[in-house]
Ligand SMILES: [Ca+2]
Ligand SMILES: [Ca+2]
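Numbering (my numbering), first residue to last: 18 to 221.
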């Protein structure tokens, strides 16, 4: 009963709009930069939460090629820590200021070509650390895009995924629960807002 109740609550919850899934295949880098609003794709970043920062100078590679349009965000398990957009006028680099403390593990979320990639290359936060430089940028390598929201891993996003997230939140995750794709609204946390986002995605 608890599960059903939460699911009904989700259905009644406020509507948020899923960003238009425009294809980026045909657009120029300038068009990409103009269209992509980092705050719309990834969560708002409050840099005042942390006292330290580090710098990452990086390029994004896919199939061996450096991408000239991509939005890169750095996350720790508790949320977003930094973000930047690839700059074609600066050797296609991203200049990330990453906020944090301690040696928290970091991972990347990259938005390009209308898809999201989650990349964990074992990088940890380091206060005042500098990773990569102009000559030898750090390389973020994209492999397979994730299907955001497909937490039960069946290849599609539907109500079952929303229910799975609701059950995860109440401590009853299904046998298969892909945590890396559960944060549908990219705010760094798995909450009922992510289930609501799925419902809004699948509503006609
Ligand atoms: Ca699914
Ligand atoms: Ca979320």
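C-beta: ideal position from N, C-alpha, C; glycine also.
Nothing here was measured: the structure is a model prediction, and the numbers come from that model.
Nearest candidate by alpha-carbon position, reference residue i, set the options
| i | options | result |
| --- | --- | --- |
| residue 168 | 158, 146, 69, 192 | 192 |
| residue 74 | 185, 141, 216, 147 | 147 |
| residue 160 | 149, 171, 132 | 132 |
| residue 205 | 87, 92, 78 | 92 |
| residue 47 | 150, 88, 179 | 88 |
| residue 185 | 51, 200, 122 | 200 |
| residue 59 | 107, 45, 99 | 99 |
| residue 112 | 149, 64, 84, 83 | 149 |
| residue 141 | 44, 65, 71, 108 | 71 |
| residue 151 | 44, 54, 181, 104 | 104 |
| residue 17 | 64, 107, 65, 90 | Within the shown structure, residues of the chain are numbered from 18 to 221, placing residue 17 beyond reach of any answer. |
| residue 83 | 107, 122, 137, 181 | 107 |
| residue 145 | 164, 120, 45, 163 | 120 |
| residue 79 | 94, 162, 45, 95 | 162 |
Residue j beta carbon less than 8 Å from that of residue i
| i | j | result |
| --- | --- | --- |
| residue 115 | residue 124 | no |
| residue 198 | residue 166 | yes |
| residue 222 | residue 207 | Nothing can be reported for residue 222, as the shown portion of the chain is limited to 18 through 221. |
| residue 97 | residue 62 | yes |
| residue 177 | residue 212 | no |
| residue 69 | residue 129 | no |
| residue 67 | residue 118 | yes |
| residue 157 | residue 179 | no |
| residue 109 | residue 76 | yes |
| residue 170 | residue 195 | yes |
| residue 217 | residue 210 | no |
Buried versus exposed, by CB contacts within 10 Å (16 or more), residue i
| i | result |
| --- | --- |
| residue 39 | Residue placement at residue 39 is poorly supported in this model, since its pLDDT is 42, which falls under 50; the coordinates still yield a value, given next. It is exposed - the Cβ of residue 39 has fewer than 16 other Cβ atoms within 10 Å. |
| residue 154 | buried |
| residue 81 | exposed |
| residue 187 | exposed |
| residue 139 | exposed |
Under 7 Å, CB to nearest heavy atom of ligand 2: contacting residues: 200, 201, 202, 203, 204, 205, 206, 207, 208, 210, 211
Output the residues surrounding ligand 1, defined as those with a CB atom closer than 7 Å to any ligand heavy atom, in chain order. 167, 168, 169, 170, 171, 172, 173, 174, 175, 177, 178
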